[in-house]
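Undergrad: Using the working numbering, read the sequence shown as starting at 142 and increasing by one per residue.
Glycine residues also receive a C-beta, built at the ideal position from the N, C-alpha and C atoms.
Here it is: the structure, laid out below.
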Amino acid sequence: MMESGSSGSCSDVAVLSSLLHDSIEQNRLLVEELQKEREERRARPEGDYKRSRVQSAAVKAAVHDAYKRLKDAGQGGWDPSASFQSRRNSDVCTAVFREVQQVQQNLKECDVMYALKVYHKTFTDRRRREQRGEEQKFKEKNKRTERKRRKMQQRKKALLLSTNINETRKRELKAILCLDFMSSEESEEEEQEGSVQLIRRPLLPWLSKAAADAMASLDRKSLRRLSNKSKRMLARRITGPFSTTRSLPQSAPSWAVTCEL
Numbered sequence: 142m143m144e145s146g147s148s149g150s151c152s153d154v155a156v157l158s159s160l161l162h163d164s165i166e167q168n169r170l171l172v173e174e175l176q177k178e179r180e181e182r183r184a185r186p187e188g189d190y191k192r193s194r195v196q197s198a199a200v201k202a203a204v205h206d207a208y209k210r211l212k213d214a215g216q217g218g219w220d221p222s223a224s225f226q227s228r229r230n231s232d233v234c235t236a237v238f239r240e241v242q243q244v245q246q247n248l249k250e251c252d253v254m255y256a257l258k259v260y261h262k263t264f265t266d267r268r269r270r271e272q273r274g275e276e277q278k279f280k281e282k283n284k285r286t287e288r289k290r291r292k293m294q295q296r297k298k299a300l301l302l303s304t305n306i307n308e309t310r311k312r313e314l315k316a317i318l319c320l321d322f323m324s325s326e327e328s329e330e331e332e333q334e335g336s337v338q339l340i341r342r343p344l345l346p347w348l349s350k351a352a353a354d355a356m357a358s359l360d361r362k363s364l365r366r367l368s369n370k371s372k373r374m375l376a377r378r379i380t381g382p383f384s385t386t387r388s389l390p391q392s393a394p395s396w397a398v399t400c401e402l
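What follows is the structure, given as structure tokens:
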């Protein structure tokens, strides 16, 4: 009996060891993929600087907090009708920069000024949208884009961690794991079924069955990795009945496009 118990214990340890090894390997692959993406961003030409530069969360928070403190102290804020270089807005930027420097002296001036310029553009754009009554429409569009982006990242992760898809097939699938191939989820089509949210997902009329099935498979892989609590919090999604008017991406591989077009 002792030998049987010992054998069972060894078997359990072997299984746990194998699971731990698989988990470590999957995490290593994920880290390598993220590092590769960072290196690709850094290798972009200098001419793409404005488009590729990523704001530091710390700098962004420092600028926002400093601007709010000055506003609360009654020192005024930006004039949305004037340019960033105007006298009024330049004075505001100088005051915010000094306020940031008092709190965090280690931040670079160029980073702070870049964050100020982005914040000013966000501020003035929001005011213009509010005046034209377009702010709510803009928020809904951002919500849909963020859902598409989150869906894309989940599918990329599922593909990266998959152990039953060969490398050739992974390269093929990577070609369609971009925003152009993510179906929108119209927030204005959201409904409530009791306490469960229902989101209607429009059809992509040009997407082939092979590509749609591949996406669905990655979604299932991603879903299996969620905790039970996360699964319960997910909104239920159904496809159709309406189709999107989005045009076919020029970079679409032939196998991902329906032959009926």
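#1: Which residues share a DSSP beta bridge with Val398?
#2: Exposed or buried, which one is Arg387 when buried takes at least 16 other CB atoms within 10 Å?
#3: Distance, Cα to Cα, Arg291 vs Gly274?
#4: When the Cα atoms are used, what is the spatial distance from Gln114 to Ala355?
#5: If you count every other CB in all the chains shown that lies within 10 Å of the CB of Ser395, and 16 or more means buried, which is it?
#6: Rounded to a whole number of angstroms, what is the C-alpha to C-alpha distance between Cys234 and Met254?
#7: Please tell me whether Lys284 and Leu318 are closer than 8 Å, where the distance is taken between their beta carbons.
#8: Glu240: buried (16+ other C-beta within 10 angstroms of its C-beta) or exposed?
#9: Met356 by DSSP, collapsed to three states: which one?
#10: In whole angstroms, give me the CA-to-CA distance for Ser133 and Leu345.
#11: Alpha carbon to alpha carbon, what distance is there between Ala202 and Thr265?
#12: Compute the distance between the beta-carbons of Leu211 and Val244, then report whether it is under 8 Å.
#13: Is Leu364 closer than 8 Å to Ala397 when the C-beta atoms are compared?
#14: My output table needs one value for Arg269: the three-state DSSP class, helix, strand or coil.
#15: Could you tell me the alpha carbon to alpha carbon distance between Arg194 and Thr309, rounded to whole angstroms?
#16: Short check: CB of Val200 to CB of Ala256, under 8 Å?
TA: For this structure:
#1: Leu348
#2: exposed
#3: 28 Å
#4: The requested residue 114 does not occur in the structure, where the chain is confined to residues 142 to 402.
#5: exposed
#6: Approximately 8 Å, taken between the alpha carbons.
#7: no
#8: buried
#9: helix
#10: For residue 133 there is no data in the structure shown, the boundaries of the chain being 142 and 402.
#11: 18 Å
#12: no
#13: No, these two residues do not count as a Cβ contact at 8 Å.
#14: helix
#15: In this prediction, Arg194 has a pLDDT of 49, which is less than 50 and means its spatial position is unreliable; what the coordinates show is noted afterwards. Roughly 32 Å separates the two Cα atoms.
#16: yes
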